[in-house]
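Residue numbers (the working numbering): 2 to 425. Backbone N, C-alpha and C define an ideal beta-carbon position, used for all residues, glycine too. Working notes, structure below.
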RNA sequence: GGAGAGGUGGCCGAGUGGUUGAAGGCAGCCGCCUGCUAAGCGGUUGUCUCGAGAAAUCGGGACCCAGGGUUCGAAUCCCUGCCUCUCCGCCA
């Protein structure tokens with residue numbers, strides 16, 4: 002959420018930001034409603050002030066056994082007036098909030114202006130896509146031959162876009178999860194294991210609601226949401242808190258399963274592990290002081306990149322353009338890993354600075370030493386990494402002509418083996 | 001799932017419907033005092049918001065889990081929800 006004061010004072014900036022994102026929201030209409038709200042607020046506060054003084058006076062009179070019926074009658078009408086203005090004020094408030102919650106974050110200056118993913122800009126590349134003496138297979142073909150992923154049975158159990166990991170496939174996910182968590186904790190992130198079902202306030206805090214309800218799985222009784230990423234519960238750890246300056250920056254890492262409806266992506270990546278309703282992910286989350294957040298974004302991205310480097314997986318870093326940028330983000334780097342089976346780079350991590358957008362929604366503040374008042378922290382997060390897609394990348398990049406898959410050096414200790422051969 | 005208890009400031013804890021933003025204590029901060037430390041004494045310490053001001057600050061409003069209601073007036077009474085705790089049942 003943006004600051005309504007900021008919107009009033011920087012109407013042009015906000016309007017152009019909305020335009021760059023190809024959204025259509027009337028800022029002037031919002032400002033008009035805000036003016037109306039302030040009028041009502043001033044009006045009601047005068048009346049409340051009057052009520053407070055007179056009610057006190059009534060108390061004094063009653064204590065002295067004197068007549069207060071005149072004042073009581075007057076206050077009766079004042080109270081009614083307050084009640085009716087309050088109702089209008091509440092409506093106006095709700096109206097403003099409902100608009101505010103749908104206004105996206107303002108892209109950072111360094112974010113390229115563009116329409117869609119084709120306008121994203123490549124920042125750097127690491128590694129070279131390997132060459133094969135044979136036709137490299139898709140990961141689902143590799144997995145089928147090795148009998149380590151069973152999509153047919155998964156769809157019997159749950160439906161399309163689910164996977165059943167078997168034997169070394171299941172082990173590979175577990176190895177990656179441990180490898181990533183160890184990697185991240187060694188870099189100063191505190192490991193947490195949060196709830197994966199969360200309430201509405203939590204989903205609103207990070208920006209999934211109210212706009213993206215259709216992307217989420219929801220339970221009926223009680224009404225809870227399945228998290229689409231650990232960003233949601235982990236960022237909300239500090240919702241409605243005022244943090245001491247001294248504990249910042251705070252780094253967290255969490256492994257969780259993630260759940261996405263994938264509404265609107267029918268026909269996309271229907272085969273394989275790339276796009277699932279349920280997938281595993283290790284996430285990185287930071288709470289930092291505003292002046293450091295862009296340095297922290299570079300560091301967070303580097304932390305995620307290091308995982309790919311240790312796994313020896315070629316990748317590139319792209320900065321998302323304004324049209325592809327997520328609703329809550331001010332700037333995002335995507336890490337895209339090379340997939341020989343598709344002969345292209347595919348997203349495996351997304352690292353974003355939300356500035357104070359989520360912090361304002363979730364009321365996550367901090368107090369500076371020796372200074373009065375509070376400020377919003379800046380929040381960041383990134384995948385470190387999406388485990389399912391890492392499995393895909395390993396299978397495809399490390400596949401051998403005989404159908405086996407070599408396990409990257411860094412993972413062998415966790416995997417307990419150097420290669421996945423048929424069934425073992 | 002059944003029965004009961006409770007949710008007050010950074011923490012503990014009081015609070016007959018009428019100077020209660022909230023006693024008291026602890027912790028914190030600022031002074032004073034003490035050779036140092038401890039103790040002691042005095043003062044001070046929440047958040048959000050509207051208005052005035054260049055600012056320090058000043059004035060108003062709101063906030064005692066959340067949302068409604070009763071009342072001239074609610075932390076205090078009523079309703080709903082959420083959460084915590086105890087006992088029974090069930091259960092990984």
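From this set, the options, which residue's C-alpha is nearest residue i's C-alpha?
i           : options            : result
residue 15  : 229, 293, 371, 104 : 104
residue 102 : 219, 190, 2        : 2
residue 94  : 209, 35, 111       : 35
residue 46  : 98, 86, 27         : 86
residue 262 : 378, 277, 272      : 277
residue 133 : 403, 413, 196      : 403
residue 238 : 393, 365, 76       : 365
residue 196 : 220, 234, 208      : 234
residue 7   : 23, 31, 20, 25     : 31
residue 413 : 370, 311, 198      : 311
residue 275 : 212, 395, 213      : 395
residue 343 : 270, 72, 209       : 270
Tell me the DSSP bridge mates of residue i?
i           : result
residue 345 : 340
residue 307 : Residue 307 is not bridged to any residue.
residue 400 : 406
residue 379 : 289
residue 335 : 319, 351
residue 260 : 279
Using only the alpha-carbon positions, how far apart do residue i and residue j sit?
i           : j           : result
residue 268 : residue 162 : 11 angstroms
residue 387 : residue 79  : 60 angstroms
residue 448 : residue 157 : Because the chain here runs from 2 to 425, residue 448 falls outside it and cannot be looked at.
residue 180 : residue 415 : 7 angstroms
residue 123 : residue 243 : 38 angstroms
residue 230 : residue 305 : 16 angstroms
residue 64  : residue 107 : 58 angstroms
residue 356 : residue 405 : 45 angstroms
residue 52  : residue 90  : 18 angstroms
residue 298 : residue 114 : 20 angstroms
residue 191 : residue 383 : 14 angstroms
residue 28  : residue 74  : 44 angstroms
residue 173 : residue 370 : 46 angstroms
residue 1   : residue 141 : Here the chain covers residues 2 to 425 and nothing more, so residue 1 does not appear.
residue 110 : residue 236 : 25 angstroms
residue 302 : residue 154 : 37 angstroms
Assuming residue i is part of the alpha helix (DSSP H), what are its boundary residues?
i           : result
residue 233 : 232-236
residue 34  : 28-64
residue 14  : 12-21
Under the criterion of a Cβ to heavy atom distance below 7 angstroms, does residue i qualify as lining the ligand ZN?
i          : result
residue 56 : Ligands in the displayed structure: none, and consequently the ligand ZN is not present.
Which whole-angstrom value describes the C-beta separation of residue i and residue j, a residue pair presumed to lie in contact below a C-beta threshold of 8 angstroms?
i           : j           : result
residue 291 : residue 131 : With 8 angstroms as the limit, residue 291 and residue 131 do not qualify as a contact, their Cβ atoms being about 42 angstroms apart.
residue 186 : residue 254 : 6 angstroms
residue 354 : residue 372 : Not confirmed; about 23 angstroms, so no contact.
residue 207 : residue 329 : 7 angstroms
Hey, quick one: how far does the beta strand (DSSP E) through residue i stretch, first residue to last?
i           : result
residue 244 : 242-245
residue 124 : 122-127
residue 132 : No beta strand (DSSP E) contains residue 132, which DSSP labels as neither H nor E.
residue 367 : 365-368
residue 191 : 191-193
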